[in-house]
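Student:
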Amino acid sequence: MTTIATTNPATGEVEKTFDALTDEEVDRRIARAAETFASYRRTPLEQRAEWMNEAAGILDRESEQIGAMLTTEMGKTLKAAGAEARKCAAACRFYAAHAAEFLADRRPAEPGDVGASDAYVRYEPLGPVLAVMPWNFPLWQVVRFAAPGLMAGNVGLLKHSSNVPQTALFLEDLFRRAGFPEGAFQTLLIGSAEVERVLRDPRVKAATLTGSEPAGRSVASIAADEIKPTVLELGGSDPFVVMPSADIEAAARTAAESRCLNNGQSCISAKRFIVDIGCADEFERLFVANMRAQKVGDPMDDATDVGPLVSEQGRAEVEELVADAVEKGATVLCGGRRPDGPGWFYPPTVVSGVTPEMRMYHEEVFGPVASLFRVRGVSEAVEVANATGFGLGSNAWTRDGTERDRFVRELDAGQVFINGKTTSYPELPFGGVKRSGYGRELSADGVRAFCNAKTVWVG
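So the sequence shown is residues 1 to 459, counted in full-length UniProt numbering.
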């Protein structure tokens, strides 16, 4: 039986438990979603925008309380949790302001070119969409689907990670309080084993998932069998390339910030640091110093930079990857040992000498652990950067225009950030290639992801 509970990662103590929904309750919620969609899809965009702006207002006004909830459930620092709530508010306002533009009828050619008096593309919502979401950004990863989805006229069914139930219930309450109809966005407190039954229900028209590669494979295969569209955002093992022309001090500082973001539990944070031999000694010295300077401690303390990992299992997996690398010849330059005391803490760690025989070379390390590589020139840097099955984000640091253009062209990733930290913006598409998934969230792509692009031809 699935355990649905808030377990504080800083203490390891269970703070609150919840009952999973029965099959009958799940069916009622799916029925309500389908019934709501029939009328909600005709709600004027101006009204949807009004409700979405109100949701933004709630997120801003209650960001401190929301932040404390996120920190308690998954361990991110309180300052990061409050910032996540405010980022969600900004995304809600963005879609309230721009959805009408993104969903407007599009005329790609002169009507006469296709033998018509008028011809255009019309964007229509699909219906109830199942969102299977993870714990690491428990608010943002839901809102980046929900805000464009609701503005497009779809309705949402959220299956959140079972360790963030309070956040999941808050999200349902958020959109209800903002004015959206009762069935427009509902939370399903269910276990992973129940996802297939929901996704196979004919009233559910599509699915979006952010999570692990195995979870993505499962949802994608079920949806394919049912011929339903999906968007998948899976893992990442993002490269962070540094060339001698770069601002090495800024690169090293940003590298540590990126690797320790969200306690090292971010799909798009840099994980593999690929440094040209011409600046490797300087970068290593500064990077290790910056990693050591990160303060590990109580996530409720504003002075803390790195809180606990989300679970005991999560920490054990990180430890296993580091131990495997060390056993096969890698060197730990800092960190590498869990601290004494309660909670699932793990220090910022830098590992050098990682080779293809080590699991860390191929697998995503979901904790504040960095792999450091030395290369000779752009070609080898690109080769090492692309030597992974993942392709979510990527970074390159250089002041050389020719090098920059090569990294933009040749890095296999959904995003390439030059001289800056990888992040997500409502204004820009977000997603990956290879085993990092497919489809795009955010920007106009996020609104249209679950729309029927209906061609209209008038003779």
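We put the CB at the ideal spot given by N, CA and C, even for glycine.
Does the contact criterion of 3 or more C-beta pairs under 8 angstroms hold for the stretch 230-240 versus the stretch 417-437?
Tutor: The stretch 230-240, when compared against the stretch 417-437, does touch it at the 8 angstroms Cβ threshold.
Student: Measure how close the beta-carbons of Ala34 and Pro128 come, nearest whole angstrom, since I'm counting them as under 8 angstroms.
Tutor: Residue mapping note: residue 34 aligns to position 34 of the sequence shown, counting from 1. Residue mapping note: residue 128 aligns to position 128 of the sequence shown, counting from 1. At roughly 6 angstroms, the Cβ-Cβ gap stays under 8 angstroms, so Ala34 and Pro128 are in contact.
Student: If you pair each beta-carbon of the stretch 275-285 with each one of the stretch 245-253, do three or more pairs fall below 8 angstroms?
Tutor: The stretch 275-285 vs the stretch 245-253: in contact.
Student: Rounded to whole angstroms, what is the Cα-Cα separation between Gly353 and Val433?
Tutor: Within the sequence shown, numbered from 1, the residue matching residue 353 stands at position 353. Within the sequence shown, numbered from 1, the residue matching residue 433 stands at position 433. Gly353 and Val433: Cα-Cα distance of roughly 27 angstroms.
Student: Counting C-beta neighbours from all protein chains within 10 Å, is the total for Val314 16 or more, i.e. buried, or is it exposed?
Tutor: Locating residue 314 in the sequence shown gives position 314, where the first residue counts as 1. Before going further, note that residue 314 is Gly rather than Val in the sequence given. Buried.
Student: Using only the alpha-carbon positions, how far apart do Pro134 and Phe170 sit?
Tutor: If you number the sequence shown from 1, residue 134 lands on position 134. If you number the sequence shown from 1, residue 170 lands on position 170. Between Pro134 and Phe170, the C-alpha separation is close to 15 angstroms.
Student: When you compare each of Ser266, Gly67, Glu46, Asp105 to Gly367 by their alpha carbons, which one comes out closest?
Tutor: Here residue 367 is taken as the residue at index 367 of the sequence shown, counted from 1. The residue with the shortest Cα to Cα distance from Gly367 is Ser266.
Student: Taking the alpha-carbon of Ala68 as reference, which of Ala96, Ala99, Pro138 has the nearest alpha-carbon?
Tutor: Residue mapping note: residue 68 aligns to position 68 of the sequence shown, counting from 1. Looking at the Cα atoms, Pro138 is the closest of the given residues.
Student: Just the C-alpha distance for Tyr120 and Asn452, rounded to the nearest angstrom, thanks.
Tutor: Start at 1 with the first residue of the sequence shown, and residue 120 comes out as number 120. Start at 1 with the first residue of the sequence shown, and residue 452 comes out as number 452. Whole-angstrom Cα-Cα distance: 13 angstroms.
Student: Output yes or no for whether 8 angstroms exceeds the beta carbon distance between Ala20 and Gly183.
Tutor: For this step, residue 20 is matched to residue 20 along the sequence shown. For this step, residue 183 is matched to residue 183 along the sequence shown. Contact: no.
Student: Hey, quick one: how far does the beta strand (DSSP E) through Ile4 stretch, first residue to last?
Tutor: If you number the sequence shown from 1, residue 4 lands on position 4. Ile4 -> beta strand (DSSP E) spans 4-8.
Student: Can we say the stretch 192-203 touches the stretch 46-63, given the rule of at least three CB pairs closer than 8 angstroms?
Tutor: The stretch 192-203, when compared against the stretch 46-63, does not touch it at the 8 angstroms Cβ threshold.
Student: Which of the three DSSP states is assigned to Gln415 in this structure?
Tutor: Working through the sequence shown from its first residue, we reach residue 415 at position 415. DSSP places Gln415 in coil when its eight states are reduced to three.
Student: Hey, out of Gly420, Asn154, Tyr40, Lys421, whose CA is closest to Gly446's CA?
Tutor: For the purposes of this step, residue 446 is taken as the residue at position 446 of the sequence shown. For Gly446, the nearest C-alpha among the options comes from Asn154.
Student: Does the stretch 109-120 touch the stretch 345-363, meaning 3 or more C-beta pairs lie closer than 8 angstroms?
Tutor: Result no; under three Cβ-Cβ pairs closer than 8 angstroms.
Student: Which residues in the same chain have their Cβ closer than 7 angstroms to the Cβ of Arg374, if we skip the five residues on either side of it in sequence?
Tutor: Along the sequence shown, one-based indexing puts residue 374 at 374. The residues are Val275, Ile277, Ala280.
Student: Count the other C-beta atoms from every protein chain shown that fall within 10 angstroms of the C-beta of Ser161, then say buried if there are 16 or more, exposed otherwise.
Tutor: Here residue 161 refers to the residue found at position 161 when the sequence shown is read from its first residue. Buried, since its Cβ has 16 or more Cβ neighbours within 10 Å.
Student: Quick check: what's the CA-CA separation for Ser63 versus Met300?
Tutor: If you number the sequence shown from 1, residue 63 lands on position 63. If you number the sequence shown from 1, residue 300 lands on position 300. Their Cα atoms are separated by approximately 14 angstroms.
Student: Going by the beta-carbon positions, is the gap between Met52 and Cys88 smaller than 8 angstroms?
Tutor: Along the sequence shown, read from residue 1 onward, the residue named residue 52 stands at position 52. Along the sequence shown, read from residue 1 onward, the residue named residue 88 stands at position 88. No.
Student: Suppose you measure from the CA of Ala152 to the CA of Arg337; what does that come to, to the nearest Å?
Tutor: By 1-based counting over the sequence shown, the position of residue 152 is 152. By 1-based counting over the sequence shown, the position of residue 337 is 337. Their Cα atoms are separated by approximately 48 angstroms.
Student: Please report how far the alpha carbon of Ala449 lies from the alpha carbon of Ala330, in whole angstroms.
Tutor: What you label residue 449 is simply residue 449 of the sequence shown in a count that begins at 1. What you label residue 330 is simply residue 330 of the sequence shown in a count that begins at 1. Distance between the alpha carbons of Ala449 and Ala330 is about 43 angstroms.
Student: At which residues does the beta strand (DSSP E) containing Val365 begin and terminate?
Tutor: As a first step, residue 365 must be located in the sequence shown, where it is residue number 365. No beta strand (DSSP E) holds Val365; DSSP gives it neither H nor E.
Student: Check whether the Cβ atoms of Phe180 and Ala444 sit closer than 8 angstroms, and answer yes or no.
Tutor: The count along the sequence shown starts at 1 and reaches residue 180 at position 180. The count along the sequence shown starts at 1 and reaches residue 444 at position 444. No. Outside cutoff.
Student: Name the two residues that bound the continuous alpha helix (DSSP H) containing Cys260.
Tutor: One-based indexing of the sequence shown puts residue 260 at position 260. From DSSP, the alpha helix (DSSP H) with Cys260 extends over 248-260.
Student: Taking the continuous alpha helix (DSSP H) assigned at Glu403, which residues delimit it?
Tutor: If you number the sequence shown from 1, residue 403 lands on position 403. 401-410 is the span of the alpha helix (DSSP H), which, as asked, contains Glu403.
Student: Answer yes if the stretch 34-48 comes into contact with the stretch 68-78, meaning at least three C-beta pairs across the two stretches below 8 angstroms, and no otherwise.
Tutor: Cβ pair count under 8 angstroms is below three, so no.
Student: What three-state label does DSSP hand Leu70 in the structure shown?
Tutor: Counting from 1 along the sequence shown, the entry for residue 70 is found at position 70. Helix at Leu70.
Student: Output the boundary residues of the alpha helix (DSSP H) element that contains Trp135.
Tutor: Here residue 135 refers to the residue found at position 135 of the sequence shown. Run containing Trp135: none; DSSP gives neither H nor E here.
Student: For Leu209, which residues does DSSP report across the bridge?
Tutor: Looking up residue 209 in the sequence shown gives position 209. For Leu209, which the question treats as bridged, DSSP gives the partners Val132, Leu232.
Student: Specify, as a first and last residue, the run of the beta strand (DSSP E) that Thr187 falls within.
Tutor: As a working note, residue 187 is residue 187 in the sequence shown. Its beta strand (DSSP E) spans residues 185-187.
Student: With distance defined between alpha-carbon atoms, name the residue in Val114, Glu257, Ala252 nearest to Phe283.
Tutor: Here residue 283 corresponds to residue number 283 of the sequence shown, with the count starting at 1. Ranking the options by Cα distance to Phe283, first place goes to Ala252.
Student: When the Cα atoms are used, what is the spatial distance from Lys295 to Arg404?
Tutor: Position 295 of the sequence shown, counted from the first residue, corresponds to residue 295. Position 404 of the sequence shown, counted from the first residue, corresponds to residue 404. Cα-Cα distance, rounded: 33 angstroms.
Student: Measuring only the C-alpha atoms, how far is Ile66 from Lys328?
Tutor: Residue mapping note: residue 66 aligns to position 66 of the sequence shown, counting from 1. Residue mapping note: residue 328 aligns to position 328 of the sequence shown, counting from 1. Near 44 angstroms, if we compare the C-alpha coordinates of Lys328 and Ile66.
Student: Just mark Tyr95 as buried or exposed, buried being the case when its beta carbon has 16 or more other beta carbons within 10 Å.
Tutor: Along the sequence shown, read from residue 1 onward, the residue named residue 95 stands at position 95. Burial call: buried.
Student: Between Asn163 and Ala316, which are expected to be in contact by the criterion C-beta below 8 angstroms, what is the C-beta distance as a whole number of angstroms?
Tutor: As a position in the sequence shown, residue 163 is number 163, starting the count at 1. As a position in the sequence shown, residue 316 is number 316, starting the count at 1. About 16 angstroms; that fails the 8 angstroms criterion.
Student: Check Lys79 in the structure and name its three-state DSSP category.
Tutor: To locate residue 79, count along the sequence shown from 1; it is residue 79. Correct three-state label for Lys79: helix.
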